[in-house]
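Notes follow once the structure below has been shown.
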Amino acid sequence: MRKIIACLDIGSFSIKLVVGEITKNKVNILACAESPSQGIKKGYIVNPESASIAIKDVFSKCENMLGLPIKSVLLCVPTDNLECFVSSASVNITNEDNVITHDDITKAMQKSIYKKIDDNKELVTILPTKFIINDDEVVSNPVKCVAGKLTVNVVAVVVPKINTDNIIKFLNKLNIKVLDICIEPINDYYEFKRPEYAKSVGAVVNIGYSNLTVSIINKGILTSSEIIDIASSSIDKDIAYVFKTNKKDANYIKENFTCADIHMARPSESIVIKDINGDDRKISEYEATNVAISRLKELAGLIKKQINLLTKKEISYIIITGGVTNLPYFEHFIQDNFKDLANYEVVKELGVRDNRYSNVVGAIKYYNSRLKLRNVEISIFDLEQQEELGGTSKKVNISENSLLGKIYGYFFDN
């Protein structure tokens, strides 16, 4: 069976939907679409009627590309008030041969969070940090080990149910099933991670439209995250204020007429727009870039400060992503402000080579890593639909299991 997964990201500026097929642990993009957000503020539905139009539009675009209806998705949810807590649990291995199986790991991890999550919280994922057999031997993969007892140490990630319940109910009314929920920090990490990151402490930063998220990843495990209510929309506001433009024109100038290195901005290049008074206003690329960089430098300072507040450990790397990183010469800005700590990363998957999609593409990679159970494959399309896309499959479709997806996070990627 082909493994085809869709992911939906409902952002303040735009709604993004990506459909990807997992082949040899890589994501091949089958369809992607983006529509301007309506009725949405910071990832929450504030006007159901407008939001419905916007969401239906992005689904229609992808469905037209595929020729098939999309009825189930992964959902990226807001990380407001995200919490991580440490736990552990042990189980006895009771099968005849005392061989540890995937089921034993599942039981241990379920036990580790039993009655430890408040009713107003939603479990996002369980990340195992250590497996111990017979109380004295640490192993990286306990499956097939012979033992009488398995102990697992975990980090559980939860968010308030207000972050998830309303949007899931809203999508259900649109006949869209949510397979599972996922969060931006983990998704971005999986999109850009390198092998050496699994052995060190780093930060993941997503500069969104309405806010930026700073998260700490310790040896591949999310340990903390914080949202700052200032981001790329502040650049729009600055441009609108300085040049007396409306919001739409300010965003156009930012997206098409600024860069992230003042030395590369061209004073001779200019654009003429109507200001809010109806007068023609000539703006040079250098002038617009100067305004943008002033705000970007402020964001860089806030990022550094927030990293220091979240951890006292030495940071080995910083991943910075989000739509604003698409600005020309953003790699220069990263080098100037973060030196060698931060690497300039871009989404490399053909069809979505835009850092606005790092969240959704990374989510598909992460979800696949969580479901690497033997003989278990997930697809949003049944066998007949897959044949319509091309190719056939002889394996029986096994229904998805959200809890298993959460439990096998991280472990089955190592």
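Quick note: the sequence shown uses numbering that gives the first Met the number 0, first residue 0, plus one each step.
We treat Cβ as the ideally placed atom computed from N, Cα and C, and that holds for glycine.
Contact check, residue i vs residue j, beta carbons under 8 angstroms
| i | j | result |
| --- | --- | --- |
| Leu309 | Val213 | yes |
| Ile180 | Val17 | no |
| Ser36 | Ser11 | yes |
| Val200 | Ile314 | yes |
| Thr288 | Thr257 | yes |
| Cys6 | Ile318 | no |
| Leu73 | Leu211 | no |
| Ile216 | Tyr251 | no |
| Lys246 | Asp235 | yes |
| Ile379 | Ile4 | yes |
| Asp79 | Ile226 | yes |
| Leu65 | Ala30 | yes |
| Val290 | Val241 | yes |
| Gly147 | Asn94 | no |
| Val151 | Pro127 | yes |
| Ala259 | Phe191 | no |
| Ile282 | Ile270 | yes |
| Gly321 | Gly207 | yes |
| Val26 | Val360 | yes |
| Lys41 | Ser209 | yes |
Residue of the options minimising C-alpha distance to residue i
| i | options | result |
| --- | --- | --- |
| Glu268 | Lys246, Ala5 and Glu286 | Glu286 |
| Glu376 | Leu295, Ile319, Asn24 and Leu7 | Asn24 |
| Ile69 | Lys120, Leu370, Ile39 and Ala32 | Ala32 |
| Ala202 | Lys312, Leu65 and Ile116 | Lys312 |
| Val323 | Lys253, Asn336 and Ala50 | Lys253 |
| Val153 | Ser13, Gly207, Lys129 and Pro141 | Lys129 |
| Ile125 | Ser368, Glu190, Asp381 and Lys60 | Ser368 |
| Asp335 | Ile112, Lys347 and Ile261 | Ile261 |
| Ser224 | Leu326, Gln305, Glu190 and Arg294 | Gln305 |
| Thr49 | Ala197, Val85 and Ser34 | According to the sequence shown, residue 49 is Ser rather than Thr. Looking at the Cα atoms, Ser34 is the closest of the given residues. |
| Ala155 | Glu195, Phe84 and Thr320 | Phe84 |
| Ala132 | Leu122, Ile116 and Ile104 | Looking at the sequence provided, one finds Ile at residue 132 rather than Ala. Closest option to Ile132, Cα to Cα, is Ile104. |
| Pro194 | Asn325, Ala53, Gly219 and Asp134 | Gly219 |
| Asp118 | Val142, Pro159, Pro141 and Ile99 | Pro159 |
| Gln385 | Glu20, Asn205 and Thr163 | Glu20 |
| Pro47 | Asn165, Asn325, Asn255 and Pro266 | Asn165 |
| Tyr419 | Leu340, Leu301, Asn205 and Asp279 | For the chain, the structure presents residues 0 to 413; residue 419 sits outside this window and is missing. |
| Phe329 | Val351, Met263 and Gly277 | Met263 |
| Ile9 | Val145, Ser51 and Lys303 | Ser51 |
| Leu388 | Lys303, Asp134, Leu67 and Cys144 | Leu67 |
Supposed close pair residue i, residue j - CB separation, criterion 8 angstroms
| i | j | result |
| --- | --- | --- |
| Leu149 | Ser233 | Actually they do not touch by this definition, with Cβ atoms about 49 angstroms apart. |
| Asn186 | Asn354 | About 12 angstroms separates the two Cβ atoms, so there is no contact after all. |
| Ala230 | Ala239 | 15 angstroms between Cβ atoms; not a contact. |
| Asn342 | Tyr365 | That pair is no contact at about 19 angstroms. |
| Ser86 | Ser111 | 4 angstroms |
| Ile54 | Leu173 | 6 angstroms |
| Thr100 | Val142 | 7 angstroms |
Beta bridge counterpart(s) of residue i as assigned by DSSP
| i | result |
| --- | --- |
| Phe332 | DSSP, once it has assigned bridges, lists no residue as partnering Phe332. |
| Leu16 | Leu7 and Ala32 |
| Thr212 | Asn205 and Ile226 |
| Glu121 | Val158 |
| Lys40 | Tyr43 |
| Thr244 | Answer by DSSP bridge pairing: none, since Thr244 is not bridged. |
| Val153 | Ser86 and Pro127 |
| Glu136 | Ile132 |
| Ile317 | Ala202 and Ala341 |
| Lys311 | In the DSSP output, where bridge partners are listed per residue, Lys311 has none listed. |
| Asn27 | Glu20 |
| Cys148 | The sequence shown places Lys at residue 148, rather than the Cys named in the question. DSSP, once it has assigned bridges, lists Asn91 as partnering Lys148. |
| Leu81 | In the DSSP output, where bridge partners are listed per residue, Leu81 has none listed. |
| Cys75 | Asp8 and Cys181 |
| Asn325 | Its beta-bridge partners do not exist; DSSP assigns none. |
| Asn217 | Val200 and Ile220 |
| Val98 | Val145 |
Neighbour flag for residue i against chain D, beta carbons, 8 angstroms
| i | result |
| --- | --- |
| Asn255 | The structure shown has no chain D; it contains just one protein chain. |
Task: Whole runs of the beta strand (DSSP E) within the region 157-202, excluding any shorter than 3 residues - done: Within the region 157-202, the complete beta strand (DSSP E) segments at least 3 residues long are 176-182, listed from N- to C-terminus.
Task: Completely contained beta strand (DSSP E) runs for the region 247-301, where each covers 3 or more residues - done: List check, beta strand (DSSP E) in window: 269-273 and 279-283.
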